[in-house]
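Read the structure below first, then the notes.
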Amino acid sequence: MDIEKLWEILHKERNTASLQQLPDNFCDAVREYIQQLKNEKVEVDERRGELVEDEIRNVRMKAEDIIRRRIGKIVKLASSGIKPVPKGMLAEEESIFAGVKGHVEEGKARIFALILGDKENKEKSEGGSEKVDEVIVGSVFKEVEASSTKAGNEELHIVRVLEDIPTFMGTDGRIYKIKKEDVIMLPKTNAEILCKRGVAVRFSGEAKKMRVGK
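Quick note: the sequence shown uses the working numbering, first residue 1, plus one each step.
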């Protein structure tokens, strides 16, 4: 992975309505490239180091833009009611697709129940909400476990966010977009920084209540 390849991927994502096929190791490749640049920065003089730092920022911005555009497409597809899972998604993106699709379908059922005065269907849909959340959270935990292995088994902490936080890339190479009152698992390093800044607190509630904050 390099900045030219990221530019190419971003250009295609900007100019096509469909999801393009990313390498299965896309997240790992970007993270490794950033680490490579960080290592290079340590070994060069100050002037060259500034150029390397600019490239690191560039890589992060491009990766964030790619993921943001792809998630927008995924949400649109999931909201459209499409049945087969679209091709070209990463495993993590498939979890997002399933979660959004489940919430949309559950929400539609509740609205129709209200319109038709169908108490039984309303109760079923409300009960289904917890099941949908459990499915989403289950996929998140699988995702977190996978990222833990890839990121060198860094310890993960659950935190509750106290205010909206600008999008950032975690030490696990993932892009995080977190809002106030989200409860999310983060790498220890990121969790500690947010807690020290007073924008998040340790969460001691049951894991099944965790909401997706990405």
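Glycine included, each C-beta is placed from N, C-alpha and C at the ideal position.
Bridge-paired residues (DSSP) for residue i
| i | result |
| --- | --- |
| H157 | L186 |
| M169 | I175 |
| V201 | R160 |
Option in the options with minimal Cα separation from residue i
| i | options | result |
| --- | --- | --- |
| A63 | V44, V100, G170 | G170 |
| K76 | V59, V104, D182 | V104 |
| G173 | D164, T189, I158, K179 | T189 |
| K180 | G107, I165, R47 | I165 |
| R68 | K108, I175, N25 | I175 |
| D182 | K73, K196, E192, I158 | I158 |
| L156 | I178, F168, L186 | L186 |
| R70 | E8, R160, R14 | R14 |
| I66 | V30, R160, S79 | V30 |
| Q36 | I56, P23, K83 | I56 |
Euclidean distance between Cα positions of residue i and residue j
| i | j | result |
| --- | --- | --- |
| L10 | I34 | 17 angstroms |
| L221 | A200 | The chain is shown from 1 up to 214; residue 221 falls before or after that span and cannot be answered. |
| V215 | G49 | Because residue 215 is not part of the residues shown, which for the chain are 1 to 214, the question remains open. |
| E4 | F203 | 40 angstroms |
| L162 | N58 | 29 angstroms |
| E53 | C27 | 20 angstroms |
| D2 | L114 | 52 angstroms |
| P86 | V44 | 45 angstroms |
| G74 | A191 | Note that residue 74 is Ile in the sequence shown here, rather than Gly. Roughly 27 angstroms between the two C-alpha positions. |
| M61 | G117 | 48 angstroms |
| N25 | L6 | 13 angstroms |
| K101 | A78 | 5 angstroms |
| N39 | A109 | 53 angstroms |
| L51 | R197 | 29 angstroms |
| E106 | G88 | 25 angstroms |
Host alpha helix (DSSP H) of residue i (start-end)
| i | result |
| --- | --- |
| V75 | 46 to 79 |
| A113 | 91 to 116 |
| V85 | Element bounds for V85: n/a, residue is neither H nor E. |
| D2 | Run containing D2: none; DSSP gives neither H nor E here. |
| A29 | 26 to 43 |
Check your understanding: Counting pairs of Cβ atoms below 8 angstroms between the region 78 to 94 and the region 18 to 26, do you hit three or more?
Key -> yes
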